[in-house]
Amino acid sequence: MPGITTKSQSWSDFAFTSQREEDLRTFVLPKEKYKRYGYRREKFSYEELLHKFEAYCKRCKAFALKPNSGIADYEERLKCKIHPGRKLEQEKAWACCGNTTVTYPGEPTGCQTFPRHDWNTDSPLPRGFWELHVTPPFKQLNNIRSKRARVAVSLDCEMATNRFNQPELIKLTLIDMFTKEVLIDSLVKPQAKIKNMLTSIHGISFKDISAAVSASTAVPGRDAAREKLFEFIGPETMVFVHGGTNDFLCLRWVHPTIVDTQEVESRIKRIGDDELDAWLDDEGTGLEAMCRVRAGVKIRTGTGIHDSLEDAMACRELGVWYASNMAREITLEAEDLVEVTKESKAGKKEAPVLEVSSWPQLSANKPMASIAAVVPKVPVWVSRPVSQVHEIPPQAHELPTQSPPSQPNEPSHVDIKLMWECKVCRVRVPENTILQHRAEASHLNKLIKLVEQRGG
1 MPGITTKSQS
11 WSDFAFTSQR
21 EEDLRTFVLP
31 KEKYKRYGYR
41 REKFSYEELL
51 HKFEAYCKRC
61 KAFALKPNSG
71 IADYEERLKC
81 KIHPGRKLEQ
91 EKAWACCGNT
101 TVTYPGEPTG
111 CQTFPRHDWN
121 TDSPLPRGFW
131 ELHVTPPFKQ
141 LNNIRSKRAR
151 VAVSLDCEMA
161 TNRFNQPELI
171 KLTLIDMFTK
181 EVLIDSLVKP
191 QAKIKNMLTS
201 IHGISFKDIS
211 AAVSASTAVP
221 GRDAAREKLF
231 EFIGPETMVF
241 VHGGTNDFLC
251 LRWVHPTIVD
261 TQEVESRIKR
271 IGDDELDAWL
281 DDEGTGLEAM
291 CRVRAGVKIR
301 TGTGIHDSLE
311 DAMACRELGV
321 WYASNMAREI
331 TLEAEDLVEV
341 TKESKAGKKE
351 APVLEVSSWP
361 QLSANKPMAS
371 IAAVVPKVPV
381 WVSRPVSQVH
391 EIPPQAHELP
401 TQSPPSQPNE
411 PSHVDIKLMW
421 ECKVCRVRVP
431 ENTILQHRAE
441 ASHLNKLIKL
451 VEQRGG
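Heads up: the sequence shown is residues 1 to 456, going by the UniProt record's numbering.
Here it is as structure tokens:
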């Protein structure tokens, strides 16, 4: 029930301290990576809304194009070109200009040009359907339990598919990261007609929604659900999600402080964001697998049904594990991130190389060696100052010569709790030698082989 603290022994205790808050903030998603992971930083533009509403031009019948869709003549297609005359059947030519070119709706052809299309926005989508809302400054209300915005929360939503083939919110869960308090755990009345309830995924049926609405226990729509979130959340509140693009989309919500545990895992793997679907330990990036591998917590052990309360707690568990084990390794500031796009000799753009001004520093106080020199066309973190960003020289893409595997310098007396397991080499090394182990040729060669096996 909302407002109580879960009693399950599966979930770790994580009492608030200023140091733990600082540790959690090291995992906030950099603003430069919002677009790559599907999160919004601002509301939809006029052109984006035209595309989403499937607007078409009344003159030339062209449909609105998605902005920045990669179409070479995108700017040209924004112009409206038509033949004002009729098509002569016998001559198969236009009466206005005599041109015999066959035209199709949306093609930039025609003898008369207008600077812009005359859009028809008569859409079945209701007004305001795609209106996004930015997190407002926190305001304390008399009827809620929070005197100030929560520092960090874990969010999970369950969704159905509405008649517009878009995700529709049907359940919302919000949990405090430090206290485990269940702030919200309620069914939500859909604002659009449901096409597919997706009951096989989350177990929620039409009957469940109807019963909650009749009992007045359901939140009346996504707009009301979003307002309930704002009773606990301010712009600085860290919102932990696991692949939460659709969660924010179905809430029509833009938030500046997101922690996506899938993105965090990509930083830990050191193989770049584009390798998320090919984990080196063959476990995958699903919430169930990551909780089992990282935190040792098993979820969905019964029917396999997704429950937003359990999933939100599991996402919290991952955040707790990261803060307890990896906070000192990942210290990335948004302003340090620079995306560099390289151009090959053929003129095609290669995968971007993400460069950061400095490597995370461990006890050895030595920057970790980059694998950019041995893995071609894979985004990685490299230890070069931003002022020295430049293209990697051709020889950097050459594979290193084979060398006999070297063993880490292991102290004679090592506490087993201070050992770190390398998922690539399947060996344990002392935590204070992690940097040296990752820089060894044997480790890098195995890493290359694993990436190549997965098409990297």
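The beta carbon of each residue, even a glycine, is placed where N, CA and C say it ideally should be.
- The alpha-carbon separation between Pro-167 and Ala-192 amounts to approximately 10 Å.
- Note that the C-beta distance between Met-290 and Thr-261 is below 8 Å.
- Boundaries cannot be given for Ile-299, as no beta strand (DSSP E) includes it and DSSP labels it neither H nor E.
- If you draw a 10 Å sphere on the C-beta of Ile-71, you find fewer than 16 other C-beta atoms in it, and that means exposed.
- DSSP places Val-151 outside both helix and strand once states are collapsed to three, so it counts as coil.
- Rounded to the nearest whole angstrom, the C-alpha separation of Leu-287 and Gly-296 is 12 Å.
- Rounded to the nearest angstrom, the Cβ distance from Thr-257 to Thr-237 is 6 Å, consistent with a contact under 8 Å.
- According to the DSSP assignment, Ser-186 belongs to the beta strand (DSSP E) that extends over 182-187.
- In this model, Leu-29 and Met-313 are separated by some 20 Å (Cα to Cα).
- Within its own chain, the residues whose Cβ lies closer than 8 Å to the Cβ of Val-241, once the five positions on either side in sequence are excluded, are Ser-154, Leu-155, Asp-156, Asp-247, Phe-248, Ile-258, Val-259, Asp-260, Thr-261, Cys-315, listed in chain order.
- In the DSSP assignment, Val-213 falls within the unbroken alpha helix (DSSP H) covering 206-214.
- Boundaries for Leu-169: no alpha helix (DSSP H) harbours it, while the beta strand (DSSP E) harbouring it runs 167-176, taken from the DSSP string.
- Each of Asp-23, Phe-164, Ala-224, Ala-225 was checked against the Cα of Ser-123, and the nearest Cα belongs to Phe-164.
- Taking Gln-140 as the centre and dropping the five residues before and after it, the same chain places the C-beta of Ser-146, Lys-147, Arg-148 closer than 8 Å to its C-beta, in chain order.
- Counting along the chain, the unbroken beta strand (DSSP E) around Trp-420 starts and ends at 419-422.
- Distance check between Val-424 and each of Asn-445, Glu-231, Phe-16 places Asn-445 closest, using alpha-carbon atoms only.
- Between Thr-121 and Phe-53, the C-beta gap is smaller than 8 Å, which places the two residues in contact.
- For Gln-191, there is no enclosing alpha helix (DSSP H), since its DSSP letter is neither H nor E.
- Under the DSSP assignment, Lys-228 falls in the alpha helix (DSSP H) whose first and last residues are 222-229.
- With contacts defined by Cβ atoms closer than 8 Å, Thr-17 and Ala-327 do not form a contacting pair.
- Comparing alpha carbon positions, the residue from Val-254, Tyr-37, Val-264 closest to Glu-131 is Val-254.
- With fewer than 16 other Cβ atoms from the protein chains shown falling within 10 Å of its own Cβ, Asn-196 counts as exposed.
- Cβ-Cβ distances below 8 Å link Arg-20 to Phe-14, Phe-178, Ala-323 in the same chain, with the five nearest sequence neighbours on each side left out; the list follows chain order.
- Val-219 counts as buried, since at least 16 other C-beta atoms from the protein chains shown sit within 10 angstroms of its C-beta.
- Within the same chain, His-83, Ala-93, Cys-111 come within 8 Å of Asn-99 by CB-CB distance, once the 5 residues on both sides are set aside.
- Here the C-alpha atom of Pro-430 lies approximately 15 Å from the C-alpha atom of Glu-440.
- Taken through DSSP and simplified to helix, strand or coil, Phe-248 comes out as helix.
- Counted as a single uninterrupted DSSP element, the stretch harbouring Gln-90 is not any alpha helix (DSSP H), since DSSP gives it neither H nor E.
- Taking 8 Å as the cut-off, the beta carbon of Arg-252 is found no closer than this to the beta carbon of Arg-294.
- Taking C-beta atoms as the reference points, Lys-171 and Glu-158 count as a pair closer than 8 Å.
- In its chain, beyond the 5 residues on either side, Arg-150, Val-153, Leu-183 have a beta carbon closer than 7 Å to the beta carbon of Asp-176.
- Looking at the backbone, the Cα of His-306 and that of Ser-266 are separated by about 24 Å.
- Sorting Ala-64, Arg-86, Arg-426 by C-alpha distance to the C-alpha of Glu-76 places Ala-64 at the top.
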